[in-house]
Amino acid sequence: MSAIDLNPNCRAQSMLSHCKTTAAKLVSTAKEAARVTLPRASPITFAALHGVNESRRTVVTMNTVGIDRGELEAIFERKRSLRSKIRKQLKNMDPLQRAHEDSAIQNIVLESAWFKASKSLCAYISSAALREVDTSRIVSEVLSDYAKEGKKLYIPRVEDNNSNMKMLKISTVDVLTASSMNILEPSLEDSNGNHHEDVMQASDPVDLVILPGLAFDKSGSRLGRNGGYYDSFLKKYQELIEERKWKQPLLVALSYSIQIMEEGSIPVTPCDVPVDALVSPAGFTPIGSAALKKMQLMNLVSS
Numbered sequence: 014m015s016a017i018d019l020n021p022n023c024r025a026q027s028m029l030s031h032c033k034t035t036a037a038k039l040v041s042t043a044k045e046a047a048r049v050t051l052p053r054a055s056p057i058t059f060a061a062l063h064g065v066n067e068s069r070r071t072v073v074t075m076n077t078v079g080i081d082r083g084e085l086e087a088i089f090e091r092k093r094s095l096r097s098k099i100r101k102q103l104k105n106m107d108p109l110q111r112a113h114e115d116s117a118i119q120n121i122v123l124e125s126a127w128f129k130a131s132k133s134l135c136a137y138i139s140s141a142a143l144r145e146v147d148t149s150r151i152v153s154e155v156l157s158d159y160a161k162e163g164k165k166l167y168i169p170r171v172e173d174n175n176s177n178m179k180m181l182k183i184s185t186v187d188v189l190t191a192s193s194m195n196i197l198e199p200s201l202e203d204s205n206g207n208h209h210e211d212v213m214q215a216s217d218p219v220d221l222v223i224l225p226g227l228a229f230d231k232s233g234s235r236l237g238r239n240g241g242y243y244d245s246f247l248k249k250y251q252e253l254i255e256e257r258k259w260k261q262p263l264l265v266a267l268s269y270s271i272q273i274m275e276e277g278s279i280p281v282t283p284c285d286v287p288v289d290a291l292v293s294p295a296g297f298t299p300i301g302s303a304a305l306k307k308m309q310l311m312n313l314v315s316s
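Each residue of the sequence shown is one higher than the one before, counting from 14 in our numbering.
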């Protein structure tokens, strides 16, 4: 279901508002900016940057705040090239090695204090076609805990081609249906016709978000599938958390060994949300003080 990052219609109108806000805050790092507004005299679309048929994409303008166009194009080109490289590596990954790493990663998550302590979380439904780290046992465990302890689970649902995505609460996998992209996601209503709770309207915050991705580096940068869905959702949810003065959730990405890169390997923009920690077959790796602080707030480590 990280599949939500799959859709190529990635830089849509819905991303514009939160990117403008972010750009204002991060103008000092403007050289890495993307998804912001070019001068009116030289409009550009994300589609044009990637050389694709613009009629198939939603146009989004960018405010470069003085950023050199060539530099902006270079950022997107580096991301495109890196995605191509990682997809090939995942495609060529030995099935037995994949199964071994899937098992190891899920064991680490299921046995971790931060997972066991979570009361409410967001997680993705893995897609074998996208060669994502398997989450079937994780989802099963949470739903089992839901029945016993009321642990809440929110699952992604793509709303449109404009990077809009909801996280809907489910209590059973029976409500999952295949999308147009053949990805399992929650239906809008349960069998009784009741709408599934949207995490953005929930009365309590989630304390954990389990994320997919194509690649991650050791500084916490995440390379998605070019859809912008997770970044858009996380930006909005973090703003909601700040407004309500709740604790920020721990952002944990699941990664095969070949998806982890050296620090600084993944080009980023102000709209890209970093993760707090990585789980790979090698174990749990917190990223700097941010993850440790969140874990302290969750009473998982000592101060």
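Backbone N, C-alpha and C fix where the C-beta goes; we use that ideal spot for every residue, glycine too.
Going residue by residue through the region 240-277, where are the continuous alpha helix (DSSP H) segments of at least 4 residues, counting only ones entirely within it? 242-257
Using only the alpha-carbon positions, how far apart do Ala10 and Ala87 sit? Here the chain covers residues 14 to 316 and nothing more, so residue 10 does not appear.
Below 7 Å between beta carbons: does that hold for Arg238 and Pro199? On the sequence shown, position 225 is the one that residue 238 refers to. On the sequence shown, position 186 is the one that residue 199 refers to. Contact: no.
Near Ser270, which residues of its chain fall below 8 Å by C-beta distance, leaving aside the five closest residues on each side in sequence? In the sequence shown, the residue the question calls residue 270 occupies position 257. Glu114, Ser293, Pro294, Ala295, listed in sequence order.
Shortest alpha-carbon distance to Tyr91 belongs to which of Pro108, Ser131, Leu236? As a working mapping, residue 91 is identified with position 78 in the sequence shown. For the record, residue 91 in the displayed sequence is Arg; it is not Tyr. Residue Leu236 is the option with its Cα nearest to Arg91.
With DSSP as the reference, please indicate the residues paired to Lys165 in a beta bridge. Reading the sequence shown from its first residue, position 152 is the one you call residue 165. Answer by DSSP bridge pairing, in chain order: Ser133.
Output needed for Asp81: all residues of its chain with C-beta closer than 7 Å, excluding positions within five of it in sequence on either side, in chain order. Walking along the sequence shown from the start, residue 81 turns up at place 68. Correct list: empty, nothing qualifies.
Going by the CB atoms, is the gap between Asp244 and Met274 shorter than 7 Å? Counting from 1 along the sequence shown, the entry for residue 274 is found at position 261. Counting from 1 along the sequence shown, the entry for residue 244 is found at position 231. No.
Lys161 classed as buried or exposed, judged by whether at least 16 other C-beta atoms fall within 10 angstroms: Here residue 161 corresponds to residue number 148 of the sequence shown, with the count starting at 1. Looking at its Cβ environment, which holds fewer than 16 other Cβ atoms inside 10 Å, Lys161 is exposed.
How long is the line joining the alpha carbons of Arg93 and Leu247, rounded to whole angstroms? Numbered from its first residue, the sequence shown carries residue 93 at position 80. Numbered from its first residue, the sequence shown carries residue 247 at position 234. Taking the straight line from one Cα to the other gives about 22 Å.
Measuring only the C-alpha atoms, how far is His259 from Val122? Translated into the one-based positions of the sequence shown, residue 259 becomes position 246. Translated into the one-based positions of the sequence shown, residue 122 becomes position 109. Checking the displayed sequence, the identity of residue 259 turns out to be Trp instead of His. Inter-residue distance for Trp259 and Val122 is about 24 Å (C-alpha atoms, whole angstroms).
Residue(s) in a DSSP beta bridge with Val222: Here the question's residue 222 lines up with position 209 in the sequence shown. In DSSP, Val222 forms a bridge with Cys135, Leu264.
Spatial neighbours of Glu172 within its chain, please: CB distance less than 8 Å, with the 5 preceding and 5 following residues excluded, ordered by chain position. The sequence position of residue 172 within the sequence shown is 159, counting from 1. Excluding sequence neighbours, Glu172 sits near Met178, Lys179.
State yes or no: is the C-beta of Val222 within less than 7 Å of the C-beta of Pro287? Here residue 222 is taken as the residue at index 209 of the sequence shown, counted from 1. Here residue 287 is taken as the residue at index 274 of the sequence shown, counted from 1. Their beta carbons are not under 7 Å apart, which means Val222 does not touch Pro287 by this criterion.
If you count every other CB in all the chains shown that lies within 10 Å of the CB of Lys98, and 16 or more means buried, which is it? For the purposes of this step, residue 98 is taken as residue 85 along the sequence shown, with counting starting at 1. Lys98 should be labelled exposed.
Three-state secondary structure (DSSP) at Leu108? By one-based count along the sequence shown, residue 108 stands at place 95. Per the sequence presented here, residue 108 reads as Pro, with Leu not at that position. Helix, per DSSP.
I'd like to confirm the pairing. Which residues does DSSP put opposite Thr148 in its beta bridges? As a first step, residue 148 must be located in the sequence shown, where it is residue number 135. Beta-bridge pairing links Thr148 to no other residue.
Residue range of the unbroken alpha helix (DSSP H) whose run includes Lys307: Taking the first residue of the sequence shown as position 1, residue 307 is located at position 294. Taken as a continuous stretch (DSSP letters only), the alpha helix (DSSP H) holding Lys307 covers 301-310.
How is Ser157 classed by DSSP in three states: helix, strand or coil? Looking up residue 157 in the sequence shown gives position 144. Helix, per DSSP.
Can you have a look at Pro283 and say buried or exposed, based on whether 16 or more other CB atoms are within 10 angstroms of its CB? Taking the sequence shown and counting its residues from 1, one reaches residue 283 at position 270. By the neighbour-count rule (16 or more Cβ atoms within 10 Å), Pro283 is buried.
Among Ile254, Glu202, Ile300, Asn205, which one has its Cα closest to the Cα of Ser216? Your numbering for residue 216 matches position 203 in the sequence shown. If we check each option's Cα against that of Ser216, Ile254 comes out closest.
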